[in-house]
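K.L.:
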Amino acid sequence: MALNIVIMAAGKGTRMKSATPKVLHKLAGRSLLAHVLKSGEPLAADARIVITGHGAEQVEAAVKADSISFVRQMPQLGTGHAIQQVVPALVGEGTTLILNGDVPLIETATAKALIDACAGHALVLLTVDLADPAGYGRIVRDKDDGGVLAIVEHKDATPEQRLIHEGYSGMMAAPTVALKRWVGQLTNNNAQGEYYLTDIVAMAVAEGLPVLGIKAHSETEVLGVNDPVQLAQLERAFQAQQAEILMRAGVRLADPARFDLRGTLTHGQDVEIDVNCVFEGHVALGDGVRIGANCVIRNATIAAGARIHEFTHIDGEAAGASVGEGALIGPFARLRPGAQLAAEVHIGNFVEVKNSTLAKGAKANHLAYLGDATVGERVNYGAGSITANYDGANKHRTTIGDDVHVGSNCVLVAPVTLGAGATIGGGSTITKDVTPGDLAVARGKQVAVSGWTRPTKKR
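Set out below in structure tokens:
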């Protein structure tokens, strides 16, 4: 049987007090609508339809999927009116699943349960047990078979009905053929002058079709967003869920209430994460990784045993960034796209690395910049030194061989190559290649000293 998934995303959300359409506000780094779409992806729908209205152009532009079609509801005259607009786009004679674009935490398993219970012949409502059901439509069930008899709005409920704690979530699965018929019979004879989708419950009961209510796993799963307060509350609820999943998998969070995951996080064993850390995009942490407090890590891979000290910012963007085994990064370090650090590399405070590879054991411990550079093993890169990689029109690379020592406050003007074992005197501006093993000093004019022997460390 054909499956239609319809997502209602036409509402204005006036209480958000924002020019941004409500469904495009972000939860954990993605729009509310993106969360709902993701939940529906595994269900293999024959048609996925988003109903837009307020800010339709913005909403439609934000959804990047060829398999999704749009139907506009202009003006917005209620939930039943929304489904009336989508009727011509519904396919087949199976099931239509109706979800809300501002209820982002609906689970795929719950949506599938609605579809399975409907099976093309029953009207199935997603309900929820609420500690405080004020404002929700109450689910009135048959005392004998438990079937749903009606949804009674809070303002219309009797004192007895107001004692019911089972409320309607606004989501349902319905037989497609019957749904088309029912919404065609809706009227707007009510105080609001709107067409209510919930009125189809009485129609189904009158026709003798089964009306079922399936309960959500938790209240959080069906919470919608109407204002910034609710958005923030839902954000914290979602983050608490993510934190619990990670901790049950063995990750040690110093304080789960001060943790934010805005993408995906994979991890090995014995991973520790301190407070106020934010993970975005795709992040992978190897065994024994330690993340200090107040770090932001986006689109990066961090290998086993690496230590990311406090206040470090890693943003791989599309190119990605990687940190090798046993590396030490930070505090106050910044790794930008294309930063590829091998094992045991040290990047210290106020050091920035962009589009550069650092081989095993290379060190830049203080206040430095490495951009568009290839750095060999065991290089020591001094404080205040930079690669001047941009000539105003093009980027150029700097190549630093194994065991090179770069003194403090140096400028390496790319393109330039420092041969293995070379030493660059402090304060030098290097514009020419340096032969392996040479000492280069440039304060006005670059001078190379051949056969120079670097002092050995005193023991």
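So for the sequence shown, UniProt numbering puts the first residue at 1; every next one is plus one.
The C-beta atom is built at its ideal place from N, Cα and C for all residues, glycine as well.
Check Asp199 in the structure and name its three-state DSSP category.
P.N.:
The answer is helix: DSSP assigns Asp199 an H, G or I state.
K.L.:
When you compare the stretch 179-186 with the stretch 60-73, are there three or more beta-carbon pairs, one atom per stretch, that lie closer than 8 angstroms?
P.N.:
Touching, no.
K.L.:
Between which two residues does the beta strand (DSSP E) holding Asp227 run?
P.N.:
Note, Asp227: premise wrong, no beta strand (DSSP E); not H, not E.
K.L.:
Please determine, among Ile164, Ala383, Gly146, Gln84, the residue with the shortest C-alpha to C-alpha distance to Asp129.
P.N.:
Selected option, being the one with the closest Cα: Ile164.
K.L.:
Quick test of the definition: if touching needs 3 or more C-beta pairs under 8 angstroms, does the stretch 263-273 touch the stretch 284-292?
P.N.:
The stretch 263-273 vs the stretch 284-292: in contact.
K.L.:
Considering only residues of the same chain and omitting the five flanking positions on each side of Ala284, which have a CB-CB separation below 6 angstroms?
P.N.:
Closer than 6 angstroms at Cβ, skipping near neighbours: Thr266, Thr301.
K.L.:
Rounded to whole angstroms, how far is the Cβ of His396 from the Cβ of Asn380, which I believe are closer than 8 angstroms?
P.N.:
About 23 angstroms separates the two Cβ atoms, so there is no contact after all.
K.L.:
Could you give the residue range of the alpha helix (DSSP H) that holds Lys180?
P.N.:
Here the alpha helix (DSSP H) through Lys180 covers 176-184.
K.L.:
If you drop the 5 nearest sequence neighbours on each side, which residues of the same chain put their C-beta closer than 8 angstroms to that of Asn190?
P.N.:
So the list reads Tyr196, once near-sequence residues are dropped.
K.L.:
Within the continuous beta strand (DSSP E) that includes Cys277, where are the two ends?
P.N.:
277-285 is the span of the beta strand (DSSP E), which, as asked, contains Cys277.
K.L.:
Taking 8 angstroms as the threshold (C-beta atoms), are Asn276 and Arg258 in contact?
P.N.:
Yes, the Cβ-Cβ distance between Arg258 and Asn276 is below 8 angstroms.
K.L.:
So, with DSSP's three-state summary, where would you put Thr20?
P.N.:
In this structure, Thr20 counts as coil in the three-state DSSP scheme.
K.L.:
What are the start and end residues of each continuous beta strand (DSSP E) run of 3 or more residues lying completely inside the stretch 105-131, in chain order?
P.N.:
Those beta strand (DSSP E) runs which fall completely within the stretch 105-131 and span 3+ residues are 123-129.
K.L.:
Is the beta carbon of His154 less than 8 angstroms from the beta carbon of Ala134?
P.N.:
Yes. Within cutoff.
K.L.:
Along the chain, where does the beta strand (DSSP E) that runs through His313 open and close?
P.N.:
Residues 313-315.
K.L.:
Please state if the CB of Val222 and the CB of Gly101 are separated by a distance shorter than 8 angstroms.
P.N.:
Not a contact, by the Cβ cut-off of 8 angstroms.
K.L.:
I believe Val71 touches Gln58 by the beta-carbon criterion, under 8 angstroms. Please report the beta-carbon distance rounded to the nearest angstrom.
P.N.:
Between Gln58 and Val71 the Cβ distance is about 16 angstroms, and since that is not below 8 angstroms, they are no contact.
K.L.:
Select from Gly120, Leu77, Thr417, His25 the residue whose C-alpha is nearest the C-alpha of Glu93.
P.N.:
Checking every option, the nearest Cα to that of Glu93 belongs to Gly120.
K.L.:
Is it right to say Glu280 is buried, meaning 16 or more other beta carbons lie within 10 angstroms of its own, or is it exposed?
P.N.:
Glu280 comes out buried.
K.L.:
What beta strand (DSSP E) runs, 3 residues minimum, are completely inside the stretch 402-434?
P.N.:
As far as the stretch 402-434 is concerned, its whole beta strand (DSSP E) runs of at least 3 residues are 411-413, 416-418.
K.L.:
Of all Cβ atoms in chain B, is any one closer than 8 angstroms to the Cβ of Arg334?
P.N.:
Looking at the structure shown, chain B is missing, and only one protein chain is on hand.
K.L.:
Let's test the definition: count the other Cβ atoms within 10 Å of the Cβ of Thr187 and tell me whether it reaches 16, buried, or not, exposed.
P.N.:
Its Cβ having fewer than 16 others within 10 Å, Thr187 is exposed.
K.L.:
Give me, in chain order, the residues of the same chain whose beta-carbon lies closer than 8 angstroms to that of Ala44; leave out the 5 immediate sequence neighbours on both sides.
P.N.:
Leu3, listed in sequence order.
K.L.:
With Ser39 as the anchor, note down where its alpha helix (DSSP H) starts and where it stops.
P.N.:
First-last of the alpha helix (DSSP H) with Ser39: 32-40.
K.L.:
With DSSP run on the structure shown, which of helix, strand or coil describes Ala61?
P.N.:
Reduced to three states, the DSSP call for Ala61 is helix.
K.L.:
Please state whether DSSP places Gly213 in a helix, a strand or coil.
P.N.:
In the structure shown, Gly213 sits in a strand (DSSP, three-state: E or B).
K.L.:
With a threshold of 16 other CB atoms inside 10 Å of the CB of Met16, please say whether the residue is buried or exposed.
P.N.:
By the neighbour-count rule (16 or more Cβ atoms within 10 Å), Met16 is buried.
K.L.:
When you compare only the Cα positions, how much space is there between Lys363 and Ala249?
P.N.:
One C-alpha to the other measures close to 34 angstroms.
K.L.:
Leaving out five residues before and five after Ala333 in sequence, what residues of the same chain have Cβ atoms less than 7 angstroms from its Cβ?
P.N.:
Here the set comprises Thr312, Ile347, Gly348, Asn349, Val351.
K.L.:
Taking Ala202 and Ala150 to be in contact with their CB atoms under 8 angstroms, please state how far apart those CB atoms are, rounded to whole angstroms.
P.N.:
About 6 angstroms separates the two Cβ atoms, so the contact holds.
K.L.:
Give every residue of the same chain whose Cβ lies closer than 6 angstroms to the Cβ of Val278, excluding the five residues on either side of it in the sequence, and list them in chain order.
P.N.:
So the qualifying residues of the chain are Asp260, Val296.
K.L.:
Who does Gly135 pair with in a DSSP beta bridge?
P.N.:
DSSP, once it has assigned bridges, lists no residue as partnering Gly135.
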